[in-house]
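Residue 165, in numbering that gives the first Met the number 0, is where the sequence shown stops; the numbers in between run on with no holes.
Ideal Cβ positions, reconstructed from N, Cα and C, are used throughout, including at glycine.
Structure, as structure tokens:
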Amino acid sequence: MFNFQEFKATLQKIIEHTRNELSTLRTGKASVTILDPVRVQVYGTSMAIGELANISTPDLNMIVIDPWDKNILEDIEKAINKASLNLNPVVDKQIIRIIIPPLTEERRKEMVKQLHQKIESAKVMMRTARADIKNEVEEQEGQSGVSEDDIYRDLEEMEKIMDEHE
């Protein structure tokens, strides 16, 4: 019998990666996860905004960044502008405000296209993982102590695991 724990872990990583990718898609609503990919060059290193400031969404179309060190306001603003997220941060005294514009039809279609690409990418990664495991299981055929029934059961188990993760 084949040990499928590594296969399950791989599928779980693919699902988690896809969730993270999908959380970065910008809808018409403000979300702090929009800023996850942004890295700020401060204190001689690259840091996430969440490590440097309190990030909140006081209403549906605004993100407020309140840095703990007010001297890095411009660094955070530059990093957001450089991140190509189509966001316009505005420094307002001690905080940064980002207004999230409502989605246009064109932007909505672009987002749907990105969504489909990310989902298809995840499906390809899962199929690749399944093919790798299938090859490993089939390579056991002919080894002493491994019958055709064992191979068949392992392939059935693999398909069952795939069905659970789709």
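Candidates the options, of which the one nearest residue i by Cα
{"i": "V31", "options": "Q11, Q40, I99", "result": "I99"}
{"i": "E73", "options": "D58, I54, T56, V41", "result": "V41"}
{"i": "V63", "options": "S45, A82, L86", "result": "L86"}
{"i": "Q93", "options": "W67, V136, E109", "result": "W67"}
{"i": "N60", "options": "D35, G43, P88", "result": "P88"}
{"i": "E105", "options": "G27, F1, N2, E15", "result": "G27"}
{"i": "S120", "options": "E5, L102, N2, T17", "result": "T17"}
{"i": "I79", "options": "D58, G49, T103, E137", "result": "G49"}
{"i": "N2", "options": "S146, E135, R96", "result": "E135"}
{"i": "D153", "options": "Q142, S143, E163, E137", "result": "E137"}
{"i": "T56", "options": "D91, I71, I97", "result": "I97"}
{"i": "V123", "options": "I14, K77, L84", "result": "I14"}
{"i": "R126", "options": "D162, I71, S45", "result": "D162"}
{"i": "D35", "options": "G43, I71, L84", "result": "L84"}
{"i": "D91", "options": "T103, K108, L102, K69", "result": "K69"}
Within 8 Å, strictly: CB atoms of residue i and residue j
{"i": "R38", "j": "A29", "result": "no"}
{"i": "L51", "j": "I33", "result": "no"}
{"i": "A128", "j": "L10", "result": "yes"}
{"i": "I150", "j": "E165", "result": "no"}
Those residues which DSSP pairs with residue i across a bridge
{"i": "R96", "result": "V63, V89"}
Residues near residue i in its chain [Cβ-Cβ closer than 6 Å; skip 5 each side]
{"i": "M157", "result": "I132"}
{"i": "I118", "result": "none"}
{"i": "D65", "result": "A52, N53, I94"}
{"i": "A82", "result": "V37"}
Own chain partners of residue i with C-beta closer than 7 Å, once the 5 adjacent residues on each side are dropped
{"i": "K7", "result": "I160"}
{"i": "L24", "result": "M110, Q113, L114"}
{"i": "V145", "result": "Q139"}
Review point. If you scan the region 6 to 81 from start to end, which runs of the beta strand (DSSP E) of 3 or more residues do you find wholly inside it?
Key: 38 to 41, 44 to 47, 52 to 58, 61 to 66
Check your understanding: Considering only residues of the region 103 to 137, which uninterrupted beta strand (DSSP E) runs meet the minimum length of 3 residues and lie entirely inside it, listed in chain order?
Key -> Runs of the beta strand (DSSP E) lying entirely within the region 103 to 137, each at least 3 residues long, are absent.
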